[in-house]
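Have a look at the structure below, then the notes.
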Amino acid sequence: MTQPEKINFDENQVDIAELRELVKQNTLFSLMSDDQLKHLMGIITGMWHLAPGDYVVHEGDEADNIYIIRSGSYEVLKKDFDSDTVYPIAKLGPGMSIGEVALLDSGTRSASVRALEPGTLLVIPIEKLNALSQAEESVDIRMKMNLAYEMGRRLRDTNESSVRYLQERLSEAEKRVEMGKFLTRVLIGLALYMFTMGFTAALAKVIDTTWVTIPILAGFAFGVYRTVVTSPYPKANYGFTLANWRHNIVDSVLWTLPMLGAIALLKLLAVTFLPDLAGTTVFELSRNTGLSLTDILILSGAYAAFCPVQEMIARSGIQCSCQMFLTGKYRILQSIVLSNLLFSATHLHVGLSMALFVLPAGFFWGWLFSRQGSILGTSISHAMIGIYAFFIVGFDFIIG
Numbered sequence: 013m014t015q016p017e018k019i020n021f022d023e024n025q026v027d028i029a030e031l032r033e034l035v036k037q038n039t040l041f042s043l044m045s046d047d048q049l050k051h052l053m054g055i056i057t058g059m060w061h062l063a064p065g066d067y068v069v070h071e072g073d074e075a076d077n078i079y080i081i082r083s084g085s086y087e088v089l090k091k092d093f094d095s096d097t098v099y100p101i102a103k104l105g106p107g108m109s110i111g112e113v114a115l116l117d118s119g120t121r122s123a124s125v126r127a128l129e130p131g132t133l134l135v136i137p138i139e140k141l142n143a144l145s146q147a148e149e150s151v152d153i154r155m156k157m158n159l160a161y162e163m164g165r166r167l168r169d170t171n172e173s174s175v176r177y178l179q180e181r182l183s184e185a186e187k188r189v190e191m192g193k194f195l196t197r198v199l200i201g202l203a204l205y206m207f208t209m210g211f212t213a214a215l216a217k218v219i220d221t222t223w224v225t226i227p228i229l230a231g232f233a234f235g236v237y238r239t240v241v242t243s244p245y246p247k248a249n250y251g252f253t254l255a256n257w258r259h260n261i262v263d264s265v266l267w268t269l270p271m272l273g274a275i276a277l278l279k280l281l282a283v284t285f286l287p288d289l290a291g292t293t294v295f296e297l298s299r300n301t302g303l304s305l306t307d308i309l310i311l312s313g314a315y316a317a318f319c320p321v322q323e324m325i326a327r328s329g330i331q332c333s334c335q336m337f338l339t340g341k342y343r344i345l346q347s348i349v350l351s352n353l354l355f356s357a358t359h360l361h362v363g364l365s366m367a368l369f370v371l372p373a374g375f376f377w378g379w380l381f382s383r384q385g386s387i388l389g390t391s392i393s394h395a396m397i398g399i400y401a402f403f404i405v406g407f408d409f410i411i412g
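Numbers given in this note's numbering equal positions in the sequence shown, counted from 1, plus 12.
Following this line, the structure appears as structure tokens:
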């Protein structure tokens with residue numbers, strides 16, 4: 013860091029027109045006549061040239077000058093004396109002033125100011141400015157009046173900013189409370205799920221794993237329901253909304269159709285290259301499943317009815333909560349990945365193949381939900397893909 017280059021001021025360097033143009037947006041110099049601006053130029057004693065990193069003033073120093081920014085940009089820094097950390101609180105540019113509060117008192121500098129880029133300042137000694145105060149309508153009196161008006165405006169802005177700050181802090185506190193509830197329920201749910209895994213292997217020998225899946229999902233769904241009804245946020249934040257429902261339905265169907273084609277292609281590749289599937293067809297329906305068409309229709313209806321419950325868990329419960337509580341550029345992507353890893357893990361009791369199979373579909377539904385903000389569209393897409401994959405194309409070999 014270098015010291016500012018301080019040179020004597022020559023009135024030929026800045027004329028009245030340039031000075032007026034320079035300070036026209038600065039309330040400190042508003043309503044000044046040309047004569048007053050001439051008086052102001054008469055007491056400018058120097059011009060400072062600063063490099064990036066040079067300090068104009070340091071917090072705690074005696075206030076001896078006021079500075080008019082001719083060029084460059086500067087940051088105002090405030091020190092936290094408990095931690096010695098310095099925080100930038102404002103930026104200043106051409107036409108603005110530095111150190112004007114010293115007009116009203118003889119105290120020390122309340123903050124530091126540092127150059128961000130090469131710049132130039134005009135220096136006005138406070139002592140010379142005060143010497144003009146005896147003259148009628150002097151520059152000093154006009155500047156003090158303008159500063160008083162400006163301080164009043166800043167006080168109003170500060171009050172409004174304080175209210176906004178308190179509201180933001182309250183919102184952050186509410187988010188932390190909700191995040192705590194969310195993490196607690198997720199951890200409890202995962203712990204209970206791990207316990208059920210110990211019973212699943214034995215139960216699978218005597219009953220269909222569907223009867224294991226249903227109570228697990230029902231338990232998770234109840235946890236999500238409790239989260240939504242006790243949350244201070246609107247239910248729409250969790251995807252419980254029918255806004256734009258027509259568009260969401262059409263949008264979901266159109267995006268799901270290519271997925272159905274990909275599933276048929278995947279089955280074709282499996283039939284072609286997997287010896288265990290030799291002789292089977294791409295579309296099975298009731299021919300190779302051992303189920304009647306009536307059975308398939310009943311099971312498909314039951315599956316479709318349960319899809320909103322699954323979407324409520326993955327999307328409303330996990331993905332929505334993460335989207336609200338996480339920050340950063342990739343928070344939506346992180347929410348989609350986290351929610352689907354957890355939801356995929358709940359299918360491990362059926363088999364590793366099943367858990368891996370639902371993972372890419374879950375990523376698709378997560379993206380669709382982030383696009384629509386409603387579980388209506390994802391529930392329809394979920395039902396279409398699930399029924400198509402397991403009851404029409406016949407991907408039940410993944411389970412077995």
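Each residue gets a CB set at the ideal place from its N, CA and C atoms; glycine is no exception.
Can you grab the Cα-Cα spacing for the pair residue i / residue j, in whole Å?
i	j	result
Met271	Arg258	21 Å
Pro393	Val265	Contrary to the premise, residue 393 reads as Ser rather than Pro in this sequence. Taking the straight line from one Cα to the other gives about 6 Å.
Ala75	Ser124	11 Å
Ala290	Ala185	59 Å
Glu112	Tyr342	43 Å
Thr253	Glu71	53 Å
Ala395	Ser183	36 Å
Leu31	Asn256	56 Å
Ser386	Ile261	10 Å
Phe402	Arg181	49 Å
Asn77	Val98	23 Å
Asp46	Tyr86	28 Å
Tyr79	Thr196	56 Å
Thr390	Phe381	6 Å
Tyr250	Ser365	30 Å
Glu148	Met44	For Glu148, the pLDDT reaches just 45, beneath the cut-off of 50, and the residue's location in the model is therefore unreliable, although a value from the coordinates is still provided. In a straight line, the C-alpha of Glu148 is about 13 Å away from that of Met44.
Gly406	Ala230	26 Å
Thr292	Ile404	13 Å
Phe337	Lys90	29 Å
Pro64	Glu33	25 Å
Ile55	Glu139	10 Å
Ala317	Phe375	21 Å
Going by CA-CA distance only, name the one from the options that's closest to residue i.
i	options	result
Cys319	Gly291, Thr339, Phe355, Thr284	Phe355
Gly398	Pro100, Met324, Ala314, Asp46	Ala314
Phe93	Ser122, Ala114, Ser109	Ser122
Phe232	Asn260, Arg327, Met396	Arg327
Ala102	Ala114, Asp96, Leu128	Leu128
Leu134	Asp66, Lys91, Ile81	Ile81
Ala274	Phe194, Ala373, Asn260	Ala373
Cys332	Leu364, Arg383, Ala367, Phe41	Arg383
Ile226	Leu280, Val321, Thr242	Val321
Gly84	Val68, Leu309, Ser95	Val68
Thr39	Val189, Met108, Ala114, Gly406	Met108
Gly131	Thr120, Lys91, Val189, Asp66	Asp66
Phe295	Leu277, Ile310, Leu49	Leu277
Trp379	Ser351, Leu34, Ala357	Ser351
Ala357	His51, Thr339, Gly201	Gly201
Across which residues does DSSP place residue i in a beta bridge pair?
i	result
Val135	Gly58, Tyr79
Ala127	Tyr86
Leu104	Tyr86
Val69	Val125
Lys91	Val98
Thr120	Glu74
In this structure, how does DSSP classify residue i when only helix, strand and coil are distinguished?
i	result
Glu148	The predicted model places Glu148 with a pLDDT of 45, which falls under 50 and marks its position as unreliable; any figure quoted below should be read in that light. Coil, per DSSP.
Gly398	helix
Tyr250	helix
Ser42	coil
Ser183	helix
Ser109	strand
Ala274	helix
Phe375	helix
Ser386	coil
Pro227	helix
Phe403	helix
Ser393	helix
Ala63	coil
Ser243	coil
Ala255	coil
Ala29	helix
Would you say residue i lies against chain C (beta-carbon separation less than 7 Å)?
i	result
Glu74	This model lacks chain C altogether, as it is built from one protein chain only.
**Request:** Could you tell me which uninterrupted beta strand (DSSP E) segments, each at least 3 residues in length, are contained entirely in the segment 286-371, listed from first to last along the chain?
**Result:** none
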